[in-house]
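Participant: Okay, here's the structure, questions in a sec.
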Amino acid sequence: MSNLELDPQEIRCAAEAGDREVLMGREVPLGGPRAMSVSRTLPGVHRRMIGAWCFVDAYGPDEAAMRVPPHPHTGLQTVSWLLEGSVLHRDSLGTLQEIRPGQLNLMTAGRGISHSEESPKTVLHGVQLWVALPGGSRHVEPGFEHHPALPVLPGPGFEARVVMGSLGGVSSPATAYSPLVGAEIAVDGACEVPVERGFEHGLLLIDGEVAELERGPMVYLPPGRSGLRLSGRGRVLLIGGEPFGEEIVMWWNFVGRSHDEIAAYRKEWMEGEGFGVVDGYDGAPLPAPALPGTRLKPRGRVR
């Protein structure tokens, strides 16, 4: 799933609580007012990134039929993670791949790709994330990976499925271009999950009950800790990484470095052929929204 807003913008900020921040998500209807609603915690007005992670949408569990028309991406990776349901991915490389719970669909946009996503009416519950590609990798050739099984880090009171990067010495087979982690942690009692001291982290409760977490907001934790203490019974999404040192421009479904670059991507999508064609989708591609009246500015991880 991607950003289908007709007027992309940021409207919420974080509430600070000691050495942590509570990132209050905003509800976004995808594809119109009758479409499925998601809770978007990244980017926010204040905190725009956690490591290289620059976009987090959580949705469900809700009964819905996903229908996301072909649309473009640049300069990022899309990370699709499901807890319930199934989604069919098509892209301009010719990929046709269904994803189910516990599996990873990873699309590297690089210099440019287009894709669609759809599902029959069913209960959908999942998270859609983006990873910003660093400067030296943002123009790589586009690619797609499907990982039907992912490694698990077990520990007293928890089991962590490593989706991206590494956690506690266990590494995902998925391609990553910067030091990061993405994991689904099943908490069963009290536990301490090992993490990299130099990483900043975000925690998102995705089901059940875990102390000091609630459904909706994401909790941000700055670098400087080697373990996360959790307790309860539920599942938590953990994302993190080395603080991203570059300023980026993120607008609609593009990540670039300047207003002019984003404007060129938009023009190419609307008038050119550089993003390829998604075959097999029954419908028209998604038109890009109009650019804002003011120039887009590169921004760092914190505004």
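For the sequence shown, counting from 1, position 207 maps to 207 in the numbering used here; every step adds exactly one.
Even for Gly, the Cβ is constructed at its ideal location relative to N, Cα and C.
None of these values were measured; they are calculated from a predicted model.
(1) Looking at residue 233: is its Cβ nearer than 8 angstroms to the Cβ of residue 216?
(2) So the candidates are 231, 240, 236; which of them puts its Cα closest to the Cα of residue 224?
(3) Does the segment 116-133 come close enough to the segment 68-81 to have 3 or more Cβ pairs within less than 8 angstroms?
(4) In chain order, what residues of the same chain lie with their CB nearer than 8 angstroms to the CB of residue 33, ignoring the 5 residues before and after it?
(5) Thinking C-beta only, is residue 206 closer than 8 angstroms to residue 235?
(6) Determine the closest residue to residue 169 out of 176, 181, 158, with distance taken between C-alpha atoms.
(7) Looking at the unbroken alpha helix (DSSP H) that takes in residue 269, where does it start and where does it end?
(8) Would you identify the three-state DSSP class for residue 128, choosing helix, strand or coil?
(9) Ignoring anything shorter than 3 residues or poking outside the segment 53-121, list the beta strand (DSSP E) runs there in chain order.
(10) Indicate whether residue 213 and residue 238 have their beta-carbon atoms separated by less than 8 angstroms.
(11) How far does the beta strand (DSSP E) with residue 189 in it reach, from first residue to last?
(12) Please report how far the alpha carbon of residue 103 lies from the alpha carbon of residue 155, in whole angstroms.
(13) Residue 48 and residue 295: beta carbons closer than 8 angstroms?
(14) Can you list, in chain order, the stretches of the beta strand (DSSP E) that have 3 or more residues and sit fully within the segment 133-170?
(15) Once DSSP output is grouped into helix, strand and coil, what is the label at residue 32?
(16) Classify residue 46 as helix, strand or coil using the three-state DSSP reduction.
(17) Under 8 angstroms, do residue 73 and residue 92 count as touching if we go by C-beta distance?
(18) For residue 36, is the classification buried or exposed, using 16 other Cβ atoms within 10 angstroms of its Cβ as the cut-off for buried?
(19) So, with DSSP's three-state summary, where would you put residue 215?
(20) I'd like to confirm the pairing. Which residues does DSSP put opposite residue 221 in its beta bridges?
(21) With a 10 Å radius around its C-beta and 16 neighbouring C-beta atoms as the bar for buried, classify residue 266 as buried or exposed.
(22) Of the residues 21, 106, 132, 39, which one's Cα is nearest the Cα of residue 245?
(23) So, are the CB atoms of residue 379 and residue 195 less than 8 angstroms apart?
(24) Does the Cβ of residue 290 have 16 or more other Cβ atoms within 10 Å, making it buried, or fewer, making it exposed?
Facilitator: With the structure as the only source:
(1) Not in contact: residue 233 and residue 216 (Cβ atoms no closer than 8 angstroms).
(2) Between residue 224 and the set 231, 240, 236, the nearest pair of CA atoms involves 240.
(3) The way I'd put it, the segment 116-133 does touch the segment 68-81; three or more beta-carbon pairs between them come closer than 8 angstroms.
(4) The predicted model places residue 33 with a pLDDT of 44, which falls under 50 and marks its position as unreliable; any figure quoted below should be read in that light. Short of 8 angstroms from the beta carbon of residue 33, and not among the five residues preceding or following it, lies no beta carbon of its own chain.
(5) Yes, Cβ-Cβ distance for residue 235 and residue 206 is below 8 angstroms.
(6) Of the candidates 176, 181, 158, 181 places its Cα closest to the Cα of residue 169.
(7) Judged by DSSP secondary structure, residue 269 falls within the alpha helix (DSSP H) whose first and last residues are 259-271.
(8) In the structure shown, residue 128 sits in a strand (DSSP, three-state: E or B).
(9) The segment 53-121 contains these whole beta strand (DSSP E) runs: 53-64, 67-73, 76-84, 87-91, 96-99, 104-108, 113-118.
(10) No; because the gap between Cβ atoms is not below 8 angstroms, this pair is not in contact.
(11) Where residue 189 is concerned, the enclosing beta strand (DSSP E) stretches over 180-194.
(12) Roughly 21 angstroms separates the two Cα atoms.
(13) No, they are not a contact pair.
(14) Counting only runs of 3 or more, we get 143-147, 152-155, 158-167.
(15) In this prediction, residue 32 has a pLDDT of 48, which is less than 50 and means its spatial position is unreliable; what the coordinates show is noted afterwards. The answer is coil: DSSP assigns residue 32 none of H, G, I, E or B.
(16) Residue state, collapsed to three classes: coil.
(17) No, the Cβ-Cβ distance between residue 73 and residue 92 is not below 8 angstroms.
(18) Under this definition residue 36 is a buried residue.
(19) In the structure shown, residue 215 falls within a coil segment according to DSSP collapsed to helix, strand and coil.
(20) For residue 221, which the question treats as bridged, DSSP gives the partners 201.
(21) Residue 266 is buried by the Cβ-count criterion.
(22) Closest in C-alpha terms to residue 245, from the list 21, 106, 132, 39, comes 132.
(23) With the chain covering 1 to 303 only, the question about residue 379 has no answer from this structure.
(24) So residue 290 ends up on the exposed side.
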